[in-house]
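In our numbering, each residue carries its 1-based index in the sequence shown increased by 104.
Even for Gly, the Cβ is constructed at its ideal location relative to N, Cα and C.
A quick write-up on the structure given underneath.
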Amino acid sequence: MNALTALSPLDGRYASKAEALREYFSEYGLIRNRVRVEIEWLKALAANPQIAEVAPFSAATVAELDAVMAGFAVADGEAVKDIEATTNHDVKAMEYWLKRRFAANIEVSKASEFIHFACTSEDINNVSHALMLRDARDGVLLPALDKVLARFVELAHQLADLPMLSRTHGQPASPTTLGKEMANIAYRLRRARRHIADVELTAKFNGAVGNYNAHLSAYPELDWAAFNQRFIESLGLAFNPYTIQIEPHDAMAELFDAVARANTIVLDACRDIWMYISFGYFKQKLKAGEVGSSTMPHKVNPIDFENAEGNVGVANALLRHFSDKLPVSRMQRDLTDSTVLRNMGVAFGHSLLALESCLRGLNKLEAEPARLAADLDATWEVLAEPIQTVMRRYGVENPYEQLKALTRGQGITREALQTFIGTLAIPEAEKTRLLAMTPASYIGTAAELARKI
(Lines of atoms letter the chains of each structure in order from A and count residues from 1; the text may use other names and numbers.)
(Lines give C-alpha, C1' and ligand atoms only; values in the text may rest on other atoms or scores of the structure.)
Protein backbone atom coordinates (compact mmCIF):
# COMPACT_ATOMS: atom_id res chain seq x y z
CA MET A 1 0.00 0.00 0.00
CA ASN A 2 1.25 3.47 -0.89
CA ALA A 3 1.02 5.89 2.02
CA LEU A 4 -0.07 8.63 -0.38
CA THR A 5 -3.18 6.68 -1.38
CA ALA A 6 -4.19 5.54 2.10
CA LEU A 7 -7.71 6.46 3.14
CA SER A 8 -6.77 6.82 6.82
CA PRO A 9 -3.90 9.07 7.94
CA LEU A 10 -2.94 6.32 10.40
CA ASP A 11 -2.00 4.22 7.39
CA GLY A 12 -0.71 7.19 5.40
CA ARG A 13 0.91 10.29 6.80
CA TYR A 14 1.23 8.86 10.32
CA ALA A 15 1.93 5.25 9.37
CA SER A 16 5.38 5.11 10.96
CA LYS A 17 4.11 6.67 14.19
CA ALA A 18 1.22 4.18 14.51
CA GLU A 19 3.33 1.18 13.51
CA ALA A 20 3.58 -0.22 17.03
CA LEU A 21 -0.19 -0.81 17.17
CA ARG A 22 -0.47 -2.81 13.94
CA GLU A 23 0.32 -6.18 15.45
CA TYR A 24 -2.46 -5.69 18.00
CA PHE A 25 -5.32 -3.99 16.17
CA SER A 26 -4.93 -4.89 12.51
CA GLU A 27 -7.13 -7.61 11.07
CA TYR A 28 -4.03 -9.78 11.08
CA GLY A 29 -3.74 -9.12 14.82
CA LEU A 30 -7.37 -10.15 15.34
CA ILE A 31 -6.97 -13.36 13.33
CA ARG A 32 -3.75 -14.19 15.17
CA ASN A 33 -5.49 -13.85 18.52
CA ARG A 34 -8.41 -15.97 17.32
CA VAL A 35 -5.94 -18.69 16.38
CA ARG A 36 -4.37 -18.37 19.80
CA VAL A 37 -7.71 -18.78 21.57
CA GLU A 38 -8.76 -21.76 19.44
CA ILE A 39 -5.47 -23.55 19.98
CA GLU A 40 -5.44 -22.89 23.72
CA TRP A 41 -9.02 -24.16 23.93
CA LEU A 42 -8.11 -27.36 22.07
CA LYS A 43 -5.14 -27.88 24.39
CA ALA A 44 -7.37 -27.37 27.43
CA LEU A 45 -9.91 -29.92 26.17
CA ALA A 46 -7.15 -32.44 25.49
CA ALA A 47 -5.77 -31.98 29.00
CA ASN A 48 -9.16 -32.64 30.63
CA PRO A 49 -9.47 -36.34 31.59
CA GLN A 50 -13.27 -36.04 31.64
CA ILE A 51 -13.24 -35.53 27.87
CA ALA A 52 -12.15 -39.04 26.94
CA GLU A 53 -12.76 -38.53 23.22
CA VAL A 54 -9.73 -36.25 23.01
CA ALA A 55 -6.57 -38.09 23.89
CA PRO A 56 -3.92 -36.12 25.77
CA PHE A 57 -1.50 -34.49 23.35
CA SER A 58 2.12 -35.53 23.31
CA ALA A 59 4.82 -32.99 24.14
CA ALA A 60 5.71 -32.84 20.46
CA THR A 61 2.14 -31.98 19.45
CA VAL A 62 1.84 -29.33 22.15
CA ALA A 63 5.12 -27.86 20.91
CA GLU A 64 3.78 -27.82 17.34
CA LEU A 65 0.56 -26.13 18.43
CA ASP A 66 2.54 -23.53 20.36
CA ALA A 67 4.86 -22.96 17.41
CA VAL A 68 1.93 -22.24 15.11
CA MET A 69 0.61 -19.69 17.61
CA ALA A 70 3.99 -18.04 18.04
CA GLY A 71 4.85 -18.07 14.36
CA PHE A 72 1.51 -17.03 12.90
CA ALA A 73 2.47 -14.73 10.04
CA VAL A 74 0.73 -12.33 7.68
CA ALA A 75 0.83 -15.03 5.00
CA ASP A 76 -1.13 -17.30 7.34
CA GLY A 77 -3.66 -14.55 7.86
CA GLU A 78 -3.98 -14.17 4.10
CA ALA A 79 -4.66 -17.91 3.81
CA VAL A 80 -7.48 -17.54 6.35
CA LYS A 81 -8.88 -14.65 4.32
CA ASP A 82 -8.79 -16.79 1.18
CA ILE A 83 -11.01 -19.35 2.91
CA GLU A 84 -13.29 -16.56 4.15
CA ALA A 85 -13.89 -15.57 0.52
CA THR A 86 -15.84 -18.84 0.27
CA THR A 87 -17.34 -19.15 3.75
CA ASN A 88 -18.23 -15.46 4.10
CA HIS A 89 -17.64 -16.04 7.82
CA ASP A 90 -14.36 -14.99 9.40
CA VAL A 91 -14.31 -17.27 12.45
CA LYS A 92 -15.41 -20.33 10.50
CA ALA A 93 -12.68 -19.63 7.97
CA MET A 94 -10.13 -19.62 10.77
CA GLU A 95 -11.49 -22.95 12.07
CA TYR A 96 -11.13 -24.52 8.61
CA TRP A 97 -7.60 -23.12 8.31
CA LEU A 98 -6.62 -24.77 11.59
CA LYS A 99 -8.00 -28.11 10.49
CA ARG A 100 -6.01 -27.91 7.25
CA ARG A 101 -2.88 -26.66 8.99
CA PHE A 102 -2.79 -29.66 11.37
CA ALA A 103 -4.10 -32.26 8.93
CA ALA A 104 -0.71 -33.98 8.94
CA ASN A 105 -0.61 -34.24 12.73
CA ILE A 106 -2.38 -37.48 13.61
CA GLU A 107 -3.21 -36.47 17.20
CA VAL A 108 -4.77 -33.14 16.21
CA SER A 109 -6.45 -34.62 13.14
CA LYS A 110 -8.23 -37.20 15.30
CA ALA A 111 -9.48 -34.39 17.52
CA SER A 112 -10.22 -31.96 14.69
CA GLU A 113 -13.93 -31.71 15.50
CA PHE A 114 -12.98 -30.42 18.93
CA ILE A 115 -11.50 -27.34 17.30
CA HIS A 116 -14.16 -24.70 18.07
CA PHE A 117 -15.99 -27.27 20.22
CA ALA A 118 -19.23 -25.89 21.75
CA CYS A 119 -18.15 -22.37 20.86
CA THR A 120 -20.09 -19.55 19.31
CA SER A 121 -18.03 -17.10 17.30
CA GLU A 122 -18.31 -14.57 20.10
CA ASP A 123 -16.58 -16.93 22.52
CA ILE A 124 -13.53 -16.63 20.31
CA ASN A 125 -13.98 -12.98 19.39
CA ASN A 126 -14.55 -11.51 22.84
CA VAL A 127 -11.49 -13.24 24.24
CA SER A 128 -9.45 -12.09 21.25
CA HIS A 129 -10.59 -8.50 21.64
CA ALA A 130 -9.78 -8.54 25.36
CA LEU A 131 -6.29 -9.88 24.62
CA MET A 132 -5.76 -7.25 21.92
CA LEU A 133 -6.76 -4.44 24.25
CA ARG A 134 -4.75 -5.71 27.18
CA ASP A 135 -1.59 -6.27 25.15
CA ALA A 136 -1.84 -2.94 23.30
CA ARG A 137 -2.52 -1.09 26.54
CA ASP A 138 0.40 -2.68 28.36
CA GLY A 139 2.79 -2.87 25.41
CA VAL A 140 2.21 0.46 23.66
CA LEU A 141 -0.20 2.93 25.24
CA LEU A 142 1.03 2.89 28.84
CA PRO A 143 4.73 3.09 27.86
CA ALA A 144 3.92 6.13 25.68
CA LEU A 145 1.97 7.72 28.53
CA ASP A 146 4.82 6.97 30.93
CA LYS A 147 7.25 8.94 28.74
CA VAL A 148 4.97 11.97 28.75
CA LEU A 149 4.45 11.66 32.51
CA ALA A 150 8.19 11.35 33.13
CA ARG A 151 8.85 14.48 31.08
CA PHE A 152 6.30 16.50 33.07
CA VAL A 153 7.95 15.31 36.30
CA GLU A 154 11.35 16.30 34.93
CA LEU A 155 10.06 19.77 34.02
CA ALA A 156 8.44 20.11 37.43
CA HIS A 157 11.77 19.47 39.15
CA GLN A 158 13.80 21.64 36.78
CA LEU A 159 11.44 24.61 37.01
CA ALA A 160 10.31 24.17 40.62
CA ASP A 161 11.74 27.51 41.79
CA LEU A 162 10.95 29.62 38.71
CA PRO A 163 8.18 32.07 39.70
CA MET A 164 5.30 32.59 37.30
CA LEU A 165 2.28 34.86 37.26
CA SER A 166 -0.92 32.83 37.48
CA ARG A 167 -3.99 33.74 35.51
CA THR A 168 -7.49 32.95 36.68
CA HIS A 169 -10.23 33.95 34.27
CA GLY A 170 -7.35 35.17 32.11
CA GLN A 171 -6.48 37.88 34.65
CA PRO A 172 -3.37 38.23 36.84
CA ALA A 173 -3.67 36.12 40.00
CA SER A 174 -1.55 34.86 42.89
CA PRO A 175 1.86 33.72 41.60
CA THR A 176 2.94 30.11 41.33
CA THR A 177 6.02 28.54 39.77
CA LEU A 178 6.33 27.13 36.29
CA GLY A 179 7.45 23.84 37.81
CA LYS A 180 4.39 23.64 40.07
CA GLU A 181 2.13 23.95 37.02
CA MET A 182 4.00 21.05 35.41
CA ALA A 183 3.63 19.09 38.66
CA ASN A 184 -0.14 19.62 38.57
CA ILE A 185 -0.27 17.92 35.19
CA ALA A 186 2.04 15.12 36.28
CA TYR A 187 -0.14 14.36 39.30
CA ARG A 188 -3.27 14.20 37.17
CA LEU A 189 -1.63 11.96 34.59
CA ARG A 190 -0.25 9.65 37.26
CA ARG A 191 -3.75 9.13 38.63
CA ALA A 192 -5.20 8.66 35.14
CA ARG A 193 -2.51 6.13 34.31
CA ARG A 194 -3.41 4.10 37.36
CA HIS A 195 -7.05 3.96 36.28
CA ILE A 196 -6.08 2.75 32.81
CA ALA A 197 -3.76 0.08 34.16
CA ASP A 198 -6.26 -1.09 36.78
CA VAL A 199 -9.09 -1.88 34.37
CA GLU A 200 -9.68 -5.63 34.63
CA LEU A 201 -10.52 -6.86 31.15
CA THR A 202 -13.21 -9.52 31.18
CA ALA A 203 -14.11 -12.37 28.85
CA LYS A 204 -16.80 -15.01 28.57
CA PHE A 205 -16.69 -18.56 27.13
CA ASN A 206 -20.18 -19.90 27.75
CA GLY A 207 -21.75 -20.62 24.39
CA ALA A 208 -24.48 -19.23 22.19
CA VAL A 209 -26.54 -17.41 24.84
CA GLY A 210 -24.38 -17.78 27.94
CA ASN A 211 -25.84 -20.96 29.43
CA TYR A 212 -23.48 -23.76 28.27
CA ASN A 213 -26.34 -25.31 26.29
CA ALA A 214 -24.15 -27.07 23.73
CA HIS A 215 -21.49 -28.00 26.28
CA LEU A 216 -23.97 -29.80 28.53
CA SER A 217 -25.65 -31.57 25.61
CA ALA A 218 -22.36 -33.39 24.98
CA TYR A 219 -20.92 -33.67 28.50
CA PRO A 220 -23.72 -33.12 31.06
CA GLU A 221 -21.61 -34.34 33.95
CA LEU A 222 -18.82 -31.79 33.45
CA ASP A 223 -18.71 -28.53 35.48
CA TRP A 224 -18.27 -26.31 32.44
CA ALA A 225 -18.53 -23.04 34.34
CA ALA A 226 -15.55 -23.92 36.54
CA PHE A 227 -13.58 -25.41 33.64
CA ASN A 228 -14.15 -22.42 31.37
CA GLN A 229 -13.36 -19.97 34.15
CA ARG A 230 -10.00 -21.63 34.62
CA PHE A 231 -9.45 -21.43 30.87
CA ILE A 232 -10.16 -17.70 30.68
CA GLU A 233 -8.06 -16.96 33.75
CA SER A 234 -5.17 -18.95 32.27
CA LEU A 235 -5.08 -16.30 29.54
CA GLY A 236 -4.71 -13.54 32.10
CA LEU A 237 -8.28 -12.26 31.80
CA ALA A 238 -11.14 -12.00 34.28
CA PHE A 239 -14.04 -14.41 33.79
CA ASN A 240 -17.54 -13.02 33.31
CA PRO A 241 -20.07 -15.74 34.30
CA TYR A 242 -23.24 -13.83 33.37
CA THR A 243 -23.65 -12.89 29.72
CA ILE A 244 -25.87 -13.14 26.68
CA GLN A 245 -24.27 -14.32 23.44
CA ILE A 246 -21.75 -11.50 23.68
CA GLU A 247 -19.63 -10.32 26.56
CA PRO A 248 -21.37 -7.03 27.48
CA HIS A 249 -18.25 -4.88 26.95
CA ASP A 250 -18.59 -3.08 30.27
CA ALA A 251 -14.90 -3.54 31.05
CA MET A 252 -14.02 -2.27 27.59
CA ALA A 253 -16.12 0.82 28.25
CA GLU A 254 -14.25 1.35 31.53
CA LEU A 255 -10.94 1.20 29.67
CA PHE A 256 -12.09 3.52 26.89
CA ASP A 257 -13.40 6.02 29.43
CA ALA A 258 -10.12 5.84 31.36
CA VAL A 259 -8.07 6.43 28.20
CA ALA A 260 -10.33 9.32 27.19
CA ARG A 261 -9.87 10.94 30.61
CA ALA A 262 -6.08 10.69 30.30
CA ASN A 263 -6.32 12.13 26.80
CA THR A 264 -8.35 15.06 28.13
CA ILE A 265 -5.63 15.84 30.66
CA VAL A 266 -3.08 15.81 27.83
CA LEU A 267 -5.29 18.15 25.82
CA ASP A 268 -5.67 20.53 28.76
CA ALA A 269 -1.91 20.54 29.28
CA CYS A 270 -1.22 21.19 25.60
CA ARG A 271 -3.57 24.17 25.53
CA ASP A 272 -1.97 25.70 28.62
CA ILE A 273 1.56 25.21 27.31
CA TRP A 274 0.45 26.68 23.98
CA MET A 275 -0.60 29.79 25.94
CA TYR A 276 2.66 29.87 27.89
CA ILE A 277 4.56 29.77 24.60
CA SER A 278 2.43 32.64 23.28
CA PHE A 279 3.22 34.66 26.44
CA GLY A 280 6.93 33.98 25.92
CA TYR A 281 7.28 31.94 29.11
CA PHE A 282 8.67 29.12 26.99
CA LYS A 283 10.63 29.25 23.79
CA GLN A 284 10.99 26.24 21.50
CA LYS A 285 14.27 24.71 20.43
CA LEU A 286 14.88 25.15 16.73
CA LYS A 287 15.20 22.24 14.35
CA ALA A 288 17.51 22.73 11.38
CA GLY A 289 15.63 22.96 8.10
CA GLU A 290 12.19 23.19 9.69
CA VAL A 291 9.79 25.87 8.44
CA GLY A 292 7.21 27.52 10.69
CA SER A 293 5.27 29.43 8.05
CA SER A 294 5.22 29.41 4.27
CA THR A 295 5.30 33.23 4.21
CA MET A 296 6.55 34.44 7.61
CA PRO A 297 10.14 33.27 8.10
CA HIS A 298 10.30 34.26 11.77
CA LYS A 299 7.58 31.84 12.92
CA VAL A 300 8.28 28.96 15.32
CA ASN A 301 4.81 27.54 15.75
CA PRO A 302 3.73 25.25 18.64
CA ILE A 303 2.60 22.65 16.12
CA ASP A 304 3.29 19.62 18.31
CA PHE A 305 0.84 20.76 20.96
CA GLU A 306 -1.72 21.65 18.30
CA ASN A 307 -1.28 18.25 16.68
CA ALA A 308 -1.75 16.55 20.03
CA GLU A 309 -4.93 18.52 20.69
CA GLY A 310 -6.39 17.59 17.32
CA ASN A 311 -5.61 13.91 17.72
CA VAL A 312 -7.14 13.83 21.20
CA GLY A 313 -10.33 15.19 19.68
CA VAL A 314 -10.53 12.38 17.13
CA ALA A 315 -9.54 9.71 19.66
CA ASN A 316 -12.00 10.80 22.32
CA ALA A 317 -14.88 11.11 19.88
CA LEU A 318 -14.36 7.43 19.07
CA LEU A 319 -13.59 6.29 22.61
CA ARG A 320 -16.71 7.91 24.02
CA HIS A 321 -18.82 6.50 21.21
CA PHE A 322 -17.41 3.05 22.04
CA SER A 323 -18.26 3.50 25.72
CA ASP A 324 -21.82 4.55 24.94
CA LYS A 325 -22.51 2.03 22.20
CA LEU A 326 -20.73 -1.21 23.04
CA PRO A 327 -22.53 -2.06 26.31
CA VAL A 328 -25.86 -1.90 24.45
CA SER A 329 -27.15 -4.95 22.51
CA ARG A 330 -30.69 -5.88 21.58
CA MET A 331 -31.83 -8.87 23.65
CA GLN A 332 -29.36 -11.75 23.36
CA ARG A 333 -27.40 -10.40 20.36
CA ASP A 334 -27.21 -7.90 17.57
CA LEU A 335 -24.29 -7.26 15.26
CA THR A 336 -23.86 -3.53 15.80
CA ASP A 337 -20.83 -4.04 18.03
CA SER A 338 -18.86 -5.94 15.39
CA THR A 339 -18.00 -3.08 13.05
CA VAL A 340 -17.45 -0.72 15.98
CA LEU A 341 -14.91 -3.05 17.58
CA ARG A 342 -12.90 -3.05 14.35
CA ASN A 343 -12.14 0.62 15.00
CA MET A 344 -10.48 0.17 18.40
CA GLY A 345 -7.08 0.56 16.77
CA VAL A 346 -8.14 3.87 15.24
CA ALA A 347 -8.93 5.34 18.67
CA PHE A 348 -5.73 3.95 20.17
CA GLY A 349 -3.79 5.17 17.13
CA HIS A 350 -4.91 8.77 17.53
CA SER A 351 -4.31 8.53 21.29
CA LEU A 352 -0.77 7.37 20.58
CA LEU A 353 -0.23 10.18 18.08
CA ALA A 354 -1.41 12.69 20.68
CA LEU A 355 1.00 11.37 23.30
CA GLU A 356 3.94 11.31 20.90
CA SER A 357 3.18 14.82 19.64
CA CYS A 358 2.89 16.12 23.20
CA LEU A 359 6.19 14.53 24.16
CA ARG A 360 7.90 15.94 21.09
CA GLY A 361 6.67 19.40 22.03
CA LEU A 362 7.71 19.01 25.67
CA ASN A 363 11.21 18.06 24.62
CA LYS A 364 11.56 21.33 22.68
CA LEU A 365 10.66 23.60 25.60
CA GLU A 366 13.11 26.04 27.18
CA ALA A 367 11.92 28.40 29.90
CA GLU A 368 12.46 32.17 29.56
CA PRO A 369 13.10 33.46 33.11
CA ALA A 370 13.42 37.08 32.03
CA ARG A 371 9.99 37.09 30.42
CA LEU A 372 8.44 35.47 33.47
CA ALA A 373 10.10 38.00 35.75
CA ALA A 374 8.94 40.94 33.63
CA ASP A 375 5.31 39.84 33.89
CA LEU A 376 5.57 39.48 37.65
CA ASP A 377 7.23 42.87 38.08
CA ALA A 378 4.39 44.50 36.13
CA THR A 379 1.66 43.13 38.40
CA TRP A 380 2.28 44.30 41.97
CA GLU A 381 -1.47 44.34 42.48
CA VAL A 382 -1.35 40.57 43.08
CA LEU A 383 0.05 41.39 46.54
CA ALA A 384 -3.34 42.81 47.51
CA GLU A 385 -4.24 39.29 48.63
CA PRO A 386 -1.50 38.80 51.25
CA ILE A 387 -1.76 42.39 52.49
CA GLN A 388 -5.51 42.22 53.15
CA THR A 389 -5.09 38.76 54.70
CA VAL A 390 -2.53 40.11 57.20
CA MET A 391 -4.81 43.09 57.86
CA ARG A 392 -7.60 40.65 58.74
CA ARG A 393 -5.33 38.93 61.26
CA TYR A 394 -4.69 42.16 63.13
CA GLY A 395 -8.25 43.44 63.07
CA VAL A 396 -7.83 46.29 60.58
CA GLU A 397 -11.27 47.50 59.54
CA ASN A 398 -12.55 46.63 56.04
CA PRO A 399 -9.25 45.17 54.76
CA TYR A 400 -10.70 43.62 51.63
CA GLU A 401 -12.58 46.76 50.70
CA GLN A 402 -9.53 48.96 51.21
CA LEU A 403 -7.39 46.82 48.89
CA LYS A 404 -10.23 46.57 46.41
CA ALA A 405 -10.43 50.36 46.18
CA LEU A 406 -6.66 50.57 45.82
CA THR A 407 -6.08 47.88 43.20
CA ARG A 408 -9.20 46.53 41.45
CA GLY A 409 -9.09 46.95 37.70
CA GLN A 410 -5.95 49.08 37.75
CA GLY A 411 -2.24 48.52 37.82
CA ILE A 412 -0.32 49.65 40.86
CA THR A 413 3.33 50.36 41.44
CA ARG A 414 5.62 48.92 44.06
CA GLU A 415 5.99 52.38 45.59
CA ALA A 416 2.25 52.95 45.89
CA LEU A 417 1.75 49.57 47.51
CA GLN A 418 4.57 50.12 49.98
CA THR A 419 3.20 53.55 50.86
CA PHE A 420 -0.12 51.90 51.67
CA ILE A 421 1.59 49.27 53.83
CA GLY A 422 3.32 52.03 55.77
CA THR A 423 -0.05 53.45 56.85
CA LEU A 424 -1.34 50.20 58.32
CA ALA A 425 -1.96 49.75 62.03
CA ILE A 426 -0.16 46.42 62.27
CA PRO A 427 3.03 45.33 64.09
CA GLU A 428 6.23 46.74 62.63
CA ALA A 429 7.61 43.23 62.08
CA GLU A 430 4.63 42.49 59.88
CA LYS A 431 5.09 45.71 57.95
CA THR A 432 8.73 44.79 57.37
CA ARG A 433 7.74 41.35 56.12
CA LEU A 434 5.10 42.74 53.76
CA LEU A 435 7.46 45.44 52.47
CA ALA A 436 10.02 42.75 51.61
CA MET A 437 7.47 40.71 49.68
CA THR A 438 7.49 40.79 45.88
CA PRO A 439 5.27 39.12 43.31
CA ALA A 440 8.15 36.73 42.59
CA SER A 441 8.51 35.74 46.24
CA TYR A 442 4.78 35.34 46.89
CA ILE A 443 4.59 31.72 45.71
CA GLY A 444 3.43 29.85 48.81
CA THR A 445 4.51 26.20 48.77
CA ALA A 446 4.66 26.00 44.97
CA ALA A 447 8.37 25.15 44.80
CA GLU A 448 8.20 22.46 47.48
CA LEU A 449 5.15 20.88 45.86
CA ALA A 450 6.88 20.81 42.49
CA ARG A 451 9.97 19.12 43.92
CA LYS A 452 7.88 16.48 45.71
CA ILE A 453 5.99 15.20 42.65
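- Per DSSP, reduced to three states, the secondary structure at F335 is helical.
- Taking the Cα of G181 as reference, the smallest distance to any Cα among S130, A159, A164 is reached at S130.
- If you draw a straight line from the Cα of R365 to the Cα of I525, it comes to about 46 Å.
- A distance below 6 Å between beta-carbons, with the five flanking residues on each side excluded, links S216 to the following residues of its chain, in chain order: K203.
- In this structure, the CA atom of T542 is about 19 Å from the CA atom of G513.
- Linking A163 to G340 through their CA atoms gives a straight-line distance of about 23 Å.
- Secondary structure note for Q514: it is in no beta strand (DSSP E), with a DSSP letter that is neither H nor E.
- Counting only residues of its own chain and dropping the five nearest sequence neighbours on each side, A312 has a CB closer than 8 Å to the CB of T224, A318, Q349.
- The segment 310-364 contains, as complete alpha helix (DSSP H) runs of 4+ residues, the segments 317-322, 328-338 (chain order).
- Minimum Cα-Cα distance from I135 among the listed residues S455, V195, N152, D170 corresponds to V195.
- When the beta-carbon positions are compared, T281 and A307 stay at least 8 Å from each other.
- Only residues of its own chain outside the window of five on either side were considered, and among them L246 have a CB closer than 7 Å to the CB of A301, listed in chain order.
- Burial is judged here by how many other beta carbons sit within 10 angstroms of a residue's own beta carbon; A355 has at least 16 and is buried.
- The beta carbon of M236 sits closer than 8 Å to the beta carbons of Y128, F129, G133, L134, N137, M448 from its chain, once the five residues preceding and following it are set aside; these are given in chain order.
- Taken atom to atom, the span from the alpha-carbon of A122 to that of F452 is near 9 Å.
- By the neighbour-count criterion, in which 16 or more other beta carbons inside 10 Å mark a residue as buried, S232 falls on the buried side.
- When only Cα atoms are considered, Y346 and R334 end up about 15 Å apart.
- For K429, the enclosing alpha helix (DSSP H) begins and ends at 407-429.
- By the Cβ criterion, the segment 537-553 is in contact with the segment 256-270, since at least three pairs of Cβ atoms, one from each stretch, lie closer than 8 Å.
- Closest option to I228, judged by alpha-carbon separation, among N332, Q506, T191: N332.
- If you draw a straight line from the Cα of W201 to the Cα of F309, it is about 21 Å long.
- Per DSSP, the continuous beta strand (DSSP E) segment holding F386 begins and ends at 386-388.
- In terms of Cα proximity to N467, the closest of A171, P279, K387, A329 is K387.
- I187 is a Cβ neighbour of A197, given a cutoff of 8 Å.
- If you draw a straight line from the Cα of T190 to the Cα of E142, it is about 21 Å long.
- According to the DSSP assignment, Q154 belongs to no alpha helix (DSSP H), since it is labelled neither H nor E.
- With respect to the C-alpha of L249, the residue from R496, L538, L459 having the closest C-alpha is L459.
- Under the three-state reduction of DSSP output, S433 falls in the coil class, being neither helix nor strand.
- By the CB criterion at 8 Å, N420 and T483 fall outside the cutoff.
- Counting along the chain, the unbroken alpha helix (DSSP H) around P247 starts and ends at 246-262.
- DSSP, reduced to helix, strand and coil, places A301 within a helical segment of the structure shown.
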